[in-house]
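For reference, the structure discussed in these notes is given below.
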Amino acid sequence: MGYISFSMPREIVLQFKDKGNIRNFIETGTYQGGTSFWAARHFEQVATVEIDPAISKATASKPDCPANIRFYVGNSKDVLPEMVKPLTGRSIFWLDGHWCNVTEMGKDMECPLMDEIRALAHLKDAVILIDDARAFLGPLPPPHNNADWPRIDEVFALLKQQYPDNLVTIADDVIYCIPPDLIGVYDADYVAQFERRFGQKNTGLLSRILNKK
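Structural data, given as structure tokens:
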């Protein structure tokens with residue numbers, strides 16, 4: 001799977017953008033705006049949703065808040081259909097709206113990921129990236145309610161059902177769902193990042209992978 005990353009893989013996102021002529025960036029989980037503010041410098045339109053009104057207001061009120069961000073408040077599974085309606089052109093989605101114990105809001109349904117994915121079923125050329133892949137690999141510790149979290153096989157199955165021709169994979173704690181015309185971008189990046197992911201401090205593992213008969 002590579003390294004655990006605590007931010008969006010910005011370099012490959014920009015590669016997807018350039019190769020796919022992608023205009024829009026949509027995020028679930030605004031929080032303090034680090035991702036959406038960055039995206040606003042590179043995409044024509046950015047939309048982000050936060051379940052906690054106070055967090056959303058504080059972020060939207062920052063003096064350096066870019067003008068091309070549309071802020072939404074609510075549960076992402078309910079708001080996503082509204083967010084995508086005004087969009088024209090192709091989009092990248094960064095799905096990071098699952099509950100992370102920084103607010104009590106959203107705790108009644110910690111992970112609306114499956115509903116988020118279903119809300120995007122009609123967008124066949126979208127690039128979908130899902131943060132925190134590790135959270136779907138097995139049960140989470142308290143205080144999480146594991147009944148609210150799908151397992152990784154369920155996430156993969158839904159993505160492949162909706163997008164049968166897409167590549168669905170994991171790298172650096174991110175789940176990727178990539179349309180056919182952009183798979184080459186991912187493959188080239190994977191080769192370029194192979195040494196970083198598996199070579200440093202893991203030369204034994206790298207050697208075993210490369211020399212496996």
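Sequential numbering from 1 applies to the sequence shown in UniProt numbering.
Ideal Cβ positions, reconstructed from N, Cα and C, are used throughout, including at glycine.
Residue i, enclosing beta strand (DSSP E) - first and last residue
| i | result |
| --- | --- |
| alanine 171 | 167 to 171 |
| serine 61 | Segment: none, serine 61 is in no beta strand (DSSP E) and carries neither H nor E. |
| phenylalanine 37 | Not the beta strand (DSSP E): phenylalanine 37 falls in the alpha helix (DSSP H), residues 34 to 40. |
| phenylalanine 25 | 24 to 28 |
| arginine 129 | It should be pointed out that residue 129 corresponds to leucine in this sequence rather than to arginine. Taken as a continuous stretch (DSSP letters only), the beta strand (DSSP E) holding leucine 129 covers 127 to 130. |
Beta-carbon proximity list for residue i, same chain, < 7 Å, skipping 5 on both sides
| i | result |
| --- | --- |
| arginine 23 | Phe43, Glu44, Gln45, Gly89, Arg90 |
| proline 112 | Asn75, Ser76, Lys77, Gly97 |
| glycine 184 | none |
| methionine 105 | Because the pLDDT at methionine 105 is just 45, under 50, the model does not fix this residue reliably, and the value given afterwards should be weighed accordingly. Taken in chain order, the residues that qualify are Ile51, Asp52. |
| asparagine 145 | Glu110 |
| proline 56 | The displayed chain sequence assigns serine, not proline, to residue 56. Cβ within range, chain order: Thr30, Glu50, Phe71, Val73. |
| leucine 140 | Asn146, Trp149 |
| isoleucine 178 | Val127, Asn166, Leu167, Tyr186 |
Residue range of the unbroken alpha helix (DSSP H) whose run includes residue i
| i | result |
| --- | --- |
| glutamine 162 | 152 to 162 |
| isoleucine 12 | 10 to 20 |
| tyrosine 190 | 183 to 192 |
| glutamate 116 | 113 to 119 |
Beta-carbon proximity of residue i to residue j, cut-off 8 Å
| i | j | result |
| --- | --- | --- |
| glycine 29 | glutamate 50 | yes |
| methionine 8 | threonine 48 | no |
| alanine 121 | proline 81 | no |
| aspartate 148 | glutamate 110 | yes |
| isoleucine 152 | phenylalanine 136 | yes |
| valine 84 | isoleucine 170 | no |
| proline 63 | alanine 40 | no |
| methionine 114 | leucine 159 | no |
Cα-Cα separation between residue i and residue j, rounded to whole angstroms
| i | j | result |
| --- | --- | --- |
| tyrosine 163 | glutamate 11 | 24 Å |
| proline 150 | leucine 167 | 20 Å |
| arginine 197 | valine 13 | 18 Å |
| alanine 60 | proline 180 | 35 Å |
| phenylalanine 194 | alanine 188 | 10 Å |
| leucine 87 | aspartate 18 | 18 Å |
| aspartate 165 | glycine 138 | 27 Å |
| tyrosine 190 | leucine 182 | 13 Å |
| leucine 123 | alanine 58 | 31 Å |
| aspartate 192 | glycine 199 | The sequence shown places alanine at residue 192, not aspartate. Distance between the alpha carbons of alanine 192 and glycine 199 is about 12 Å. |
| residue 239 | alanine 54 | A query on residue 239 cannot be resolved here, the shown segment of the chain reaching from 1 to 213 and no further. |
Cβ-heavy atom distance, residue i to the ligand ADP, below 7 Å
| i | result |
| --- | --- |
| tyrosine 176 | Absent from the structure shown: the ligand ADP. Ligands present: none. |
Sequence-distant residues of the same chain with beta carbon closer than 6 Å to residue i, five excluded per side
| i | result |
| --- | --- |
| arginine 70 | Ala47 |
| isoleucine 175 | Ile130, Ala133 |
For the stretch 80 to 93 against the stretch 125 to 144, do three or more pairs of beta-carbon atoms, one drawn from each stretch, fall closer than 8 Å, so that the two count as touching? yes
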